[in-house]
Amino acid sequence: MEETKFIGTPRKATTHVSQNEGLMFEKSSAGKKGYRLPLLDVPAVDAAALLGEAVRTDGLGVMPELSEIEIIRHFTRLSTWNYAIDLGMYPLGSCTMKYNPRINEAVARLEGLAEAHPYQPESLSQGALGIMKMLSDALIEITGMDTITLQPAAGAHGEFTGILLTKAFHTANGNPRTKVIVPDSAHGTNPATAAVCGYQVANLKSNALGMVDLAELEKMVDEDVAALMLTNPSTIGVFESDIHKISDILHAKGALLYMDGANMNALVGKTRPGDFGADVMHLNLHKTFSTPHGGGGPGSGPVACKKILEPFLPSPVLKTNPDGTLGFDYNRPQSVGRVRAWYGNFGMFVRALAYILANGPDGLRQTTEDAVLNANYLRSKLEGTFELPYKTRSLHEVVFSDKLQAKNGVKTGDMGKRLIDYGFHPYTVSFPLVVNGAMMIEPTESESKEELDLLVDALTQVAREAEENPELVKNAPHTTRLQRLDETGAARKPVLRWKAPVSSTELTANTAAKEW
Amino acid sequence: MRYLPKSPADRAEMLEAIGVPSIEDLFATIPEEFRLTRDLHIPRQHAESEVLDVFRAFAANIASGDPAELATRPASKPFASFLGAGAYRHYRPVIIDSLIQRGEFLTSYTPYQPEISQGTLQAMFEFQTMICELTGMEMANASMYDGSTGAAEAVMMAVRVTGRDGAVVARTVHPEYREVLRTTVQHQGIPVSEVGFIRETGRLDLAALEAAIADDTACVLVQSPNFLGVVEDVAAIAEIVHKKGALLIVSVAEAVSLGIVKPPVEADIVSLEAQSFGVAVAFGGPYCGVIACKEKFLRQMPGRLVGETKDRNGKRGFVLTLSTREQHIRREKATSNICTNQALVAMMVTIFLTVYGKEGLRELAEQNLAKAAYLRSEMEKAGAKPLFSSPGFNEFAVGLPAAAASVNETLLSQGIIGGLALAKWYPELGEAAALWCATELTTKAQMDSATTTVKV
């Protein structure tokens, strides 16, 4: 008997058949091939003779043997089990899941860029360096900063680099200082970064509006404080209107303002961190500048900063030679050092620049305006259905709470899971920590009014279900290939790789020959 | 703007629903003095065809990206390259890009919601399994930024595991990896000392290693094949390291070597750069680091991990697991500040490894070995002297008949990018020392042409 799966009617999605698929190792059989190497045009060698004891002898028993069509089907089938921006909205607050333009992918694969070796002569790298220069110039202008490094590989890596710059600056001034202030609304990477850089973390409590408490900040800032790491707009999606006062309080004691640029999608073309007092910040190219998330990476986390921090930038620094050509400057005696091999995630620079060119100044401004418009539209449509803990005007995201539904035992995580049945990815659950039962929604500019209305409709129906049939919501999702997974069990007895089943009748030669 | 899905009427209707007269009202919380009232000074909005033209100009080595220059200055493509040194040119089967450009892989988020992320999660589980098999380790994470940051993270992991605080690093670890290591660990109070190599063999100086390991040394980091192309005697190194109670970390920068070179099974932690497995050299990134280790060190592993579990109907599924190590739970007490991994690049690696599989990885590695052996012998005939006697994989260091910089200039005039000059990092090897690499993509004709030029 078919169980009841809905009280409401999902308008965005219908269940349909998806293919089953095992692990590639379970499908493998000896002698199948998915490759063919070209004819060897030099004499073959005896590997054992050349390498001696260093030759591999174990036979790589676990590695699969599959034909090309099976490999295509394997990964295509897996892909259909994923949600993606290309399928619909990701209302994930703080993650800026926007459209990833396909021209970005096309240009990143041009032969002269994809095949450029990082050690090829600079005379052959002028195009690659030109991309880095044009992107750097654009990001400096967008942030209102003086200079930039593209080297950090991701947002958290950018934070690390930015705090190292701060530390080098203070050290050059005679005192590296001991503390970094992090608001309680911050991303987890902020305190983790401060700790990795050797700083103590001082937690700053937000005020009743969810903002920086100026009086509290003033009490905390002294000559031991290296920096405040501030996300602006904050993780509740609100601009810190007192930003210049915050910056003044810090600067009065010689501390710096580090800005976490995770929420830059609310600001591009409308205001510039460098103008409102930030000294150093990172950008997430995979958020604001449309490079794909790809299921968790790669990211790219350029760090822009004021002139006072320039001597400390990671080496090498992009330079223009006297003859107008571009090159790298490795002679940086005050540099914090290198944070990554070579020059950073170059492929992401190509994509981010393609996005900036496709937009231009007018497109970027309209993008920011649409992102803010979308968040405020959702807020106006959903306020009342869900509790809105902070009433200050939202920018690019809005944070509700599950307070109204929690009285029926339905939590933010349950409603997030239930959204899956309605054809959406969940919003960000239980973050920021300053809101109990947070439901954090960031639509980005990429959503049409129709898609937003579908989300409003879905969330409204979920709220109704939370009243009328809380169990339905608490056990969601009901329509997916798999239902809720046992995460506790996964952590208690971790199974992190596939092992060939041990069979008494069939012990393969490879297994037997293994020496570990 | 073509990416924005709203008509002017939609915008007006939405503003009305919100109850504000204009879009500017939504930005009222930004103090007026800080609002930007002009256009950003960035290039104008480009049509898609124009974007393509700009990048075609960049790809043709025109620094300005001005397509007009492309018309007057057609670029000449180098004929051959012998560069490796941590970024290797291997053939990338076309199905890698067809598959990873499926929107469900390309445009999905980190798989925190396993019910709608099983595709990425299962592929990452397969990735972890294959990395374990290749490296001889028991556990592997779902990727790190790259080999340089991965090696630094591995050192910090060893410090946590042992409760000791020093690191000893081979001078034959990639010079840029060593720079990243120093930047990364100095703020944790982890002193780093270096151990040199034997001039004849190119291998780590074991006597110096033994002397360098102190009672508080947490780990020794070596690379194999090392930066100079030589395969290290990992078993002998491990014996010395373990005798002193420290951990051995082996960094592998040329992953294809694992098809034919014995994996570093004696190591405690392996830090792999998997770029060689189907990832474009792309001017240095994005690449794909991975940390693999013995099972007992699992709880100190940085980065995301995928684990097998069951859903409530008993069906097999996969989830991100052991996240209590990570920053979003532990904040300042996390094992690392790392958040992002290289999932899409790890997907490329997974597809590459599936294509080549059990037989192909060995065959591929054998071709690399054969090409490099041929190049080495031809270089010798041309008057270059291999610098080290110990076996290598697809790279080797040679003393050229003249300074490497000037030989490379001559080669470049023939459209050939010669091997990497080593004096910058290893002045003791002299101005003539260079690191040459040949892969399955290097043809006999290219090698013959290069060695002929070297001779002159």
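Chain order of the listed sequences is A and B. Here the first sequence stands for residues 2 to 517, numbered as in the numbering used here. Here the second sequence stands for residues 2 to 457, numbered as in the numbering used here. Even glycine gets a Cβ: it sits at the ideal position worked out from N, Cα and C.
Contact check, alanine 219/B vs valine 170/B under 8 angstroms by CB: the rounded distance?
If you number the second sequence from 1, residue 219/B lands on position 218. If you number the second sequence from 1, residue 170/B lands on position 169. Actually they do not touch by this definition, with Cβ atoms about 12 angstroms apart.
Using DSSP bridges, identify the partner residues of alanine 129/A.
In the first sequence, residue 129/A corresponds to position 128, counting from 1. Note: alanine 129/A sits in no beta bridge, so no partner.
CB of proline 427/A within 8 angstroms of CB of glycine 417/A, strictly:
For the purposes of this step, residue 427/A is identified with residue 426 of the first sequence, where counting begins at 1. For the purposes of this step, residue 417/A is identified with residue 416 of the first sequence, where counting begins at 1. Against a cut-off of 8 angstroms, the Cβ pair of glycine 417/A and proline 427/A comes out as a contact.
At a CB-CB cut-off below 7 angstroms, which residues of chain A make contact with glutamate 364/B?
Counted from its first residue, the second sequence places residue 364/B at position 363. Here the neighbours are Leu38.
Chain B contacts from the stretch 381-393 of chain A (Cβ-Cβ distance under 9 angstroms):
Ser381, Lys382 and Thr393
Anticipated Cβ contact below 8 angstroms, histidine 171/A with arginine 178/A, distance rounded
Mapped onto the first sequence, residue 171/A falls at position 170. Mapped onto the first sequence, residue 178/A falls at position 177. Yes, they are in contact, since the Cβ atoms of histidine 171/A and arginine 178/A sit about 5 angstroms apart, within 8 angstroms.
How about leucine 111/A: is its C-beta nearer than 8 angstroms to some C-beta of chain B?
In the first sequence, counting from the first residue as 1, residue 111/A sits at position 110. Yes, because at least one Cβ of chain B sits closer than 8 angstroms to the Cβ of leucine 111/A.
Can you find a C-beta in chain B that's less than 8 angstroms from the C-beta of alanine 510/A?
For the purposes of this step, residue 510/A is taken as the residue at position 509 of the first sequence. Reliability of the predicted coordinates at alanine 510/A is poor, the pLDDT of 43 falling under 50, and the value obtained from them is presented with this limitation in mind. No, alanine 510/A does not count as interfacial toward chain B.
Contact with chain A by arginine 161/B, beta-carbon distance below 8 angstroms
On the second sequence, position 160 is the one that residue 161/B refers to. Closer than 8 angstroms: no.
Any idea if glutamine 20/A is buried or exposed, counting beta-carbon neighbours within 10 angstroms, 16 or more meaning buried?
Numbered from its first residue, the first sequence carries residue 20/A at position 19. Its Cβ having fewer than 16 others within 10 Å, glutamine 20/A is exposed.
Any heavy atom of the ligand PLP inside 7 angstroms of the beta-carbon of isoleucine 63/B?
Absence of the ligand PLP from the depicted structure is noted, as is the absence of any ligand whatsoever, leaving it without description.
Only counting the same chain, and skipping five residues up and downstream in sequence, which positions put a Cβ closer than 6 angstroms to that of threonine 184/B?
By 1-based counting over the second sequence, the position of residue 184/B is 183. There are no such residues.
Pull up the CB-CB distance for glutamate 360/B and lysine 34/A, whole angstroms please, since I reckon it's below 8 angstroms.
Taking the second sequence and counting its residues from 1, the one referred to as residue 360/B is at position 359. Taking the first sequence and counting its residues from 1, the one referred to as residue 34/A is at position 33. Between lysine 34/A and glutamate 360/B the Cβ distance is about 7 angstroms, and since that is below 8 angstroms, they are a contact.
Between methionine 64/A and chain B, is there a C-beta pair that is closer than 8 angstroms?
One-based indexing of the first sequence puts residue 64/A at position 63. Judged by the 8 angstroms Cβ criterion, methionine 64/A is in contact with chain B.
CB contact flag (alanine 371/B, alanine 45/A, <8 angstroms)
Residue numbering aside, residue 371/B sits at position 370 when the second sequence is read from its first letter. Residue numbering aside, residue 45/A sits at position 44 when the first sequence is read from its first letter. A contact, by the Cβ cut-off of 8 angstroms.
Does any residue of chain A bring its CB to less than 8 angstroms from the CB of valine 170/B?
Reading the second sequence from its first residue, position 169 is the one you call residue 170/B. So no, valine 170/B is outside the interface.
From what residue to what residue does the beta strand (DSSP E) around serine 194/B run?
Residue numbering aside, residue 194/B sits at position 193 when the second sequence is read from its first letter. Here the beta strand (DSSP E) through serine 194/B covers 193-196.
Within 8 angstroms, strictly: CB atoms of proline 61/A and leucine 362/B
In the first sequence, residue 61/A corresponds to position 60, counting from 1. In the second sequence, residue 362/B corresponds to position 361, counting from 1. Going by the sequence as given, residue 61/A is leucine instead of proline. In contact: leucine 61/A and leucine 362/B (Cβ atoms closer than 8 angstroms).
Give the straight-line distance between the Cα atoms of methionine 520/A and glutamate 142/A, rounded to the nearest whole angstrom.
Any question about residue 520/A goes unanswered here, given that chain A covers just 2 to 517.
Complete runs of the beta strand (DSSP E) confined to the stretch 18-52 of chain A [at least 3 residues]
Along the stretch 18-52 of chain A, the beta strand (DSSP E) does not occur as any fully enclosed run of 3 or more residues.
How many angstroms separate the CA atom of leucine 229/B from the CA atom of serine 144/B?
Against the second sequence, residue 229/B aligns to sequence position 228. Against the second sequence, residue 144/B aligns to sequence position 143. Cα to Cα, leucine 229/B sits roughly 25 angstroms from serine 144/B.
Quick one: using the 10 Å Cβ neighbour count with 16 as the cut-off for buried, is alanine 514/A buried or exposed?
Residue numbering aside, residue 514/A sits at position 513 when the first sequence is read from its first letter. Note that alanine 514/A scores 39 on pLDDT, short of 50, meaning its location in the model is unreliable; the coordinates nonetheless yield the value given after this. Exposed: under 16 other Cβ atoms inside 10 Å.
Would you please state the rounded distance, in angstroms, between the beta carbons of phenylalanine 284/B and phenylalanine 347/A? I believe it to be under 8 angstroms.
Taking the second sequence and counting its residues from 1, the one referred to as residue 284/B is at position 283. Taking the first sequence and counting its residues from 1, the one referred to as residue 347/A is at position 346. With 8 angstroms as the limit, phenylalanine 284/B and phenylalanine 347/A qualify as a contact, their Cβ atoms being about 4 angstroms apart.
Tell me, to the nearest whole angstrom, how far the beta carbon of leucine 436/B is from that of proline 122/A; I am working on the premise that it is less than 8 angstroms.
Locating residue 436/B in the second sequence gives position 435, counting from the first residue. Locating residue 122/A in the first sequence gives position 121, counting from the first residue. About 15 angstroms separates the two Cβ atoms, so there is no contact after all.
What separation, rounded to the nearest whole angstrom, lies between the Cα atoms of glycine 393/B and glutamine 114/B?
Stepping through the second sequence from its first residue, residue 393/B is reached at position 392. Stepping through the second sequence from its first residue, residue 114/B is reached at position 113. So the alpha carbons of these two residues sit roughly 45 angstroms apart.
Under 8 angstroms between C-beta atoms, does serine 65/B make it to chain A?
Mapped onto the second sequence, residue 65/B falls at position 64. Yes, its Cβ sits closer than 8 angstroms to a Cβ of chain A.
CB contact below 8 angstroms: lysine 308/A versus chain B:
The residue labelled residue 308/A in the question sits at position 307 within the first sequence. No, its Cβ sits nowhere closer than 8 angstroms to a Cβ of chain B.
Just the chain A side, please: which residues come within less than 8 angstroms of alanine 69/B by C-beta, in chain order?
Looking up residue 69/B in the second sequence gives position 68. Contacts between alanine 69/B and chain A, judged by CB atoms closer than 8 angstroms, are missing: the closest CB pair is about 14 angstroms apart.
Would you say valine 320/B and histidine 118/A are within 8 angstroms of each other, going by their C-beta atoms?
Position 319 of the second sequence, counting from 1, holds the residue named residue 320/B. Position 117 of the first sequence, counting from 1, holds the residue named residue 118/A. The answer is no: Cβ separation not under 8 angstroms.
How many Å lie between serine 272/B and valine 291/B at the Cα?
Translated into the one-based positions of the second sequence, residue 272/B becomes position 271. Translated into the one-based positions of the second sequence, residue 291/B becomes position 290. Taking the straight line joining both Cα atoms gives about 6 angstroms.
Give me the Cβ distance between leucine 354/B and phenylalanine 278/B, rounded to the nearest whole Å; I'm assuming they're in contact under 8 angstroms.
One-based indexing of the second sequence puts residue 354/B at position 353. One-based indexing of the second sequence puts residue 278/B at position 277. Contact flag correct, Cβ pair sits at about 6 angstroms.
Tell me which residue opens and which closes the alpha helix (DSSP H) that glutamine 123/B is part of.
In the second sequence, the residue the question calls residue 123/B occupies position 122. Its alpha helix (DSSP H) spans residues 119-136.
Output the distance between the C-alpha atoms of tryptophan 31/A and glycine 358/B, rounded to the nearest integer angstrom.
Position 30 of the first sequence, counting from 1, holds the residue named residue 31/A. Position 357 of the second sequence, counting from 1, holds the residue named residue 358/B. Residue 31/A is actually alanine in this sequence, not tryptophan. Cα to Cα, the separation comes out at about 10 angstroms.
So if I threshold CB-CB distances at 7 angstroms, which residues from the stretch 25-50 of chain B count as touching chain A?
For the stretch 25-50 of chain B, which is checked against every Cβ of chain A, the residues closer than 7 angstroms are Leu27, Phe28, Ala29, Thr30, Ile31, Pro32, Phe35, Arg36, Leu37, Asp40, Leu41, His42, Ile43, Pro44, Arg45, Gln46, His47 and Glu49.
Return the chain-ordered ranges of every alpha helix (DSSP H) run that is complete within the stretch 83-129 of chain A and spans a minimum of 4 residues.
103-109 and 112-115
Delimiting residues of the alpha helix (DSSP H) encompassing histidine 252/A:
In the first sequence, residue 252/A corresponds to position 251, counting from 1. First-last of the alpha helix (DSSP H) with histidine 252/A: 244-253.
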